[in-house]
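By the UniProt record's numbering, the letter at position 125 of the sequence shown is numbered 125, and the numbering carries on one by one without gaps.
Each residue gets a CB set at the ideal place from its N, CA and C atoms; glycine is no exception.
Computed from a prediction, not measured in an experiment: that's the story for all the values here.
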Amino acid sequence: MPKELRELLEQINNKKEEARKLLAENKIEEAKKLKEEIVALQEKFDIAKELYEEQKQTIEDKEPLKPTVQVKENEVEAFVNHIRTRFRNAMSEGSNQDGGYTVPQDIQTRINELRESKDALQNLITVEPVTTLSGSRVFKKRSQQTGFVEVAEGAAIGEKATPQFTLLQYQVKKYAGFFRVTNELLNDSTEAIVNTLVRWIGDESRVTRNNLIASLLGTKAKTAIADLDALKQVVNVQLDPVFRSTSSVIVNQDAYNWLDTLKDQNGQYLLQPSISSPTGRQLLGLPVVIVSNKVLANRVDGGTGAQFAPIIVGDLKEAVVMFDRQRTEIMSSNVAMDAFETDATLWRAIERMDVKLRDDEAFVFGEVQLA
């Protein structure tokens with residue numbers, strides 16, 4: 001990115017930060033004026049970027065095609081040809097007898113884009129790419145330090161506690177599934193086969209990751225939120241101030257609906273406009289993130305049948321880390337199970353990851369009981 005674009009982007013980000021501070025101080029009119037400046041700068045940035053991209057494309061069009069482009073195309077074609085021939089050449093990680101094939105990088109990129117295009121909880125946490133199946137990370141334990149004590153002249157100096165550390169270990173686990181297609185599909189174009197794979201793997205992977213993250217978050221002790229005062233208690237007291245500037249309020253549809261009805265003592269709705277929040281709303285100065293009930297489901301009490309909607313307050317990037325092997329492997333067969341009889345091909349996909357709680361003090365898992 002050229003210097004001019006970088007400077008414009010920096011101006012936009014600085015003014016957004018100013019606008020957030022004005023909103024926090026309830027200076028709505030000043031924030032509106034600043035928003036108009038941001039919109040104007042954004043339009044200028046978009047036009048400048050478009051002109052830069054056109055100029056860049058013109059230069060590239062005049063240059064001869066580079067061999068690397070053809071290599072990528074050949075890689076995808078080879079990948080699809082292996083699908084058509086049932087991967088007779090084993091090229092998967094691990095045993096040479098697997099008969100699998102590692103997905104080419106450009107197809108993997110498209111899978112990643114599809115994986116993140118819908119409600120994806122992994123966008124809210126830290127994702128760390130790893131190249132090994134297991135490993136560990138060292139973190140300093142949070143402790144309450146007491147400070148130095150006064151020492152008289154000639155008196156012995158007391159010993160202080162040293163920093164303590166904890167080890168976070170991960171063990172990458174395998175997640176897999178298969179689906180069936182007719183052999184007519186294999187006679188289609190390479191693009192048709194790739195699109196089918198991308199859609200299937202991308203959606204299945206996104207749902208798998210959402211389930212893992214939601215399940216891990218659900219292990220945190222729940223805090224009951226019955227009204228506005230309880231909500232303020234969570235934000236102002238239970239959540240450590242060190243996380244305040246990077247925190248969000250993550251809710252599902254039911255919890256958002258409940259928040260949207262809250263009013264303060266002056267009859268003003270608690271949810272306020274925000275130019276930086278994904279939903280365009282902020283709560284007590286924190287951006288609000290809403291996800292589908294299907295992604296972040298309500299908890300149902302087994303005894304009473306009562307439903308509790310989640311209100312997660314905190315910084316999930318500090319709280320949760322996903323160790324992502326970032327390799328997707330495909331294997332196919334037209335003779336396994338009943339594939340031969342039905343003139344079909346079975347495709348199996350495998351990916352590996354592990355999700356760990358890195359800092360359980362970085363968020364509070366609140367719940368509101370629905371009427």
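query	result
Starting from the N-terminal side, write out each stretch of the alpha helix (DSSP H) that is 4 residues or longer and does not extend beyond the stretch 105 to 175.	105 to 115
Evaluate PHE365 with the Cβ neighbour count: other Cβ atoms within 10 Å of its Cβ, from every protein chain shown; 16 or more gives buried, anything less gives exposed.	buried
Going by beta carbon distance, what residues of the same chain come within less than 8 angstroms of LYS15, once the five residues before and after it are set aside?	LEU34, GLU37, ILE38 and LEU41
List the endpoints of the continuous alpha helix (DSSP H) containing THR223.	Note, THR223: premise wrong, no alpha helix (DSSP H); beta strand (DSSP E) at 222 to 224.
Whole angstroms are fine: how far does the CA of GLY218 sit from the CA of THR304?	19 angstroms
Tell me, to the nearest whole angstrom, how far the beta carbon of GLY314 is from that of PHE363; I am working on the premise that it is less than 8 angstroms.	3 angstroms
On the criterion of 16 or more Cβ atoms from any shown chain inside 10 Å, does MET337 qualify as buried, or is it exposed?	exposed
Three or more C-beta pairs closer than 8 angstroms, one from the stretch 173 to 191 and one from the stretch 347 to 355: is that the case here?	yes
If LYS140 sits next to PHE165, beta carbons under 8 angstroms apart, how far is it from one beta carbon to the other, in whole angstroms?	6 angstroms
Provide the residue(s) that pair with ARG299 in DSSP beta bridges, ordered along the chain.	PHE308
Compute the distance between the beta-carbons of VAL234 and PRO310, then report whether it is under 8 angstroms.	no
Any Cβ of chain C within less than 8 angstroms of the Cβ of ASN187?	Here chain C cannot be found, since the structure has a single protein chain.
Between TYR269, LEU185 and ASP106, which has its C-alpha nearest ALA344's C-alpha?	LEU185
Return helix, strand or coil for PHE363, following the three-state DSSP convention.	strand
Examine the Cβ distances between the stretch 208 to 217 and the stretch 230 to 244 and report whether three or more of them are shorter than 8 angstroms.	no
At 4 residues or longer, and completely inside the stretch 206 to 273: list those alpha helix (DSSP H) runs for me, N to C.	228 to 233 and 253 to 259
Grouping DSSP H, G and I as helix and E and B as strand, with all else coil, what is GLY177?	strand
When the distance is taken between beta carbons, is ILE125 closer than 8 angstroms to LYS317?	yes
Can you tell me which of the three DSSP states ILE290 falls into?	strand
Taking the continuous alpha helix (DSSP H) assigned at LYS21, which residues delimit it?	3 to 24
Where GLU7 and TYR52 are concerned, what is the direct C-alpha to C-alpha distance, given to the nearest angstrom?	14 angstroms
How would you write the range of the beta strand (DSSP E) that PHE317 sits in, first residue to last?	The displayed chain sequence assigns Lys, not Phe, to residue 317. Where LYS317 is concerned, there is no enclosing beta strand (DSSP E), although the alpha helix (DSSP H) it sits in stretches over 316 to 319.
Between which two residues does the beta strand (DSSP E) carrying MET337 extend?	Taken as a continuous stretch (DSSP letters only), MET337 belongs to no beta strand (DSSP E), as it is neither H nor E.
Helix, strand or coil: how does DSSP classify LYS356 here?	strand
Give me the Cα-Cα distance between LYS222 and ARG115, rounded to the nearest whole angstrom.	29 angstroms
With burial defined as no fewer than 16 other Cβ atoms inside 10 Å of the residue's Cβ, what is the status of TYR170: buried or exposed?	buried
Let me know if SER205 comes out buried or exposed under the rule of 16 or more other beta-carbons within 10 Å of its beta-carbon.	buried
With LEU284 as the anchor, note down where its beta strand (DSSP E) starts and where it stops.	No beta strand (DSSP E) holds LEU284; DSSP gives it neither H nor E.
Decide yes or no for the touch test of the stretch 257 to 275 against the stretch 320 to 336: beta carbon pairs closer than 8 angstroms, at least 3 of them.	no
Which same chain residues, not among the five before or five after PRO278, have their C-beta less than 6 angstroms away from its C-beta?	VAL289
Rounding to the nearest angstrom, what Cα-Cα distance links ILE330 and GLU10 in this structure?	43 angstroms
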